[in-house]
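Take the sequence shown: its letter number 160 is residue 184 in our numbering, and every next letter is one higher.
All residues carry an ideal CB built from backbone N, CA and C; glycine is no exception.
Below is one structure, written out as structure tokens; comments come after it.
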Amino acid sequence: GKYDDSDRYTNLSCFKSGSFHYYFTIDGTTSKDNLNGQGYFHVEPYLIWPDGSSEVLEQECIACQTVLSKSLGPLSEWTSRLEVTHHSGYNMIHFTPVQILNCISNSSYSVSDHHKLNPLFQGTYEELKLLIDNMAKQWRILSITDLVYNHAANGCELLKQHPEAAYNLINSPHLKPAVLLDSILMQFNCDANEGKLLSKGIPAEIQEHHLQLIRHYLLDEKLIE
Numbered sequence: 025g026k027y028d029d030s031d032r033y034t035n036l037s038c039f040k041s042g043s044f045h046y047y048f049t050i051d052g053t054t055s056k057d058n059l060n061g062q063g064y065f066h067v068e069p070y071l072i073w074p075d076g077s078s079e080v081l082e083q084e085c086i087a088c089q090t091v092l093s094k095s096l097g098p099l100s101e102w103t104s105r106l107e108v109t110h111h112s113g114y115n116m117i118h119f120t121p122v123q124i125l126n127c128i129s130n131s132s133y134s135v136s137d138h139h140k141l142n143p144l145f146q147g148t149y150e151e152l153k154l155l156i157d158n159m160a161k162q163w164r165i166l167s168i169t170d171l172v173y174n175h176a177a178n179g180c181e182l183l184k185q186h187p188e189a190a191y192n193l194i195n196s197p198h199l200k201p202a203v204l205l206d207s208i209l210m211q212f213n214c215d216a217n218e219g220k221l222l223s224k225g226i227p228a229e230i231q232e233h234h235l236q237l238i239r240h241y242l243l244d245e246k247l248i249e
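Now the structure itself:
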């Protein structure tokens with residue numbers, strides 16, 4: 025029909041993998057202020073073995089195993105501990121974050137400093153790279169890891185330098201009720217643990233039969249303040 029332009033297309037050769045944002049203009053300029061259309065596309069990586077064979081690891085042939093990096097110990101012990109992965113036939117290892125983790129929770133994804141290697145490994149990024157490279161060349165095992173940009177530890181250095189990167193009451197004022205509730209629950213935790221709520225019938229060691237007392241205390245006393 026008159027307005028049917030579905031036959032209009034262009035071929036785009038991409039030589040770099042990743043996610044991309046594109047836009048176009050029709051007035052001959054390249055200014056983003058006057059764009060006529062935009063979108064996003066993803067280019068899948070082309071995995072080539074680094075052993076000089078030029079052989080490609082097809083994505084449908086990937087056999088990947090996840091390992092907890094924090095449980096591997098010093099870098100000097102990684103090879104012996106990952107050897108079972110090699111002999112089991114895997115050709116890729118997914119490592120959980122290798123950066124410094126929260127000292128309290130030690131959660132694999134609670135990163136405290138995105139730039140520093142976990143001291144548990146007793147090594148450097150250069151030594152880690154050498155280990156990963158040798159694993160790829162000698163065992164033909166590639167590796168991937170998480171960058172973890174969407175959350176971090178409470179005391180993360182990145183958040184100290186850029187507090188605007190996280191949710192707060194300045195950039196997200198709608199979260200005020202949630203912050204207030206969280207504060208009340210945290211204070212309740214501390215008070216119960218210190219025995220300050222014994223007069224309410226709530227001990228430090230809470231059992232199931234205390235739940236109704238807790239519900240009454242929170243709903244009828246604290247949340248109405």
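For Y33, the secondary structure class from DSSP, reduced to helix, strand or coil, is coil. Here L59 really is in contact with T49; their C-beta atoms are around 6 Å apart, less than 8 Å. Shown here, V135 sits in a strand according to DSSP, grouped into three states. The beta carbon of L99 is closer than 8 Å to those of F145, Q146, G147, E151, L152 and L155 in its chain, skipping five residues each way along the sequence. Taken in chain order, the complete beta strand (DSSP E) segments of 3 residues or longer contained in the region 39-109 are 42-48, 61-67 and 88-91. Residue nearest to P143 within the set V203, S112 and K94 is K94 (criterion: CA-CA distance). Excluding the 5 residues flanking it on each side, S167 has same chain C-beta neighbours closer than 8 Å at M116, I117, H118, F119, I156, M159 and A160, in chain order. The C-beta of C180 has 16 or more other C-beta atoms within 10 Å across all chains shown, which makes the residue buried. Bridge pairing for M116: C88 and L166 [DSSP]. When secondary structure is reduced to three states using DSSP, I230 falls in the coil class, being assigned neither helix nor strand. For L125, there is no enclosing alpha helix (DSSP H); the enclosing beta strand (DSSP E) covers residues Q123 to L125.
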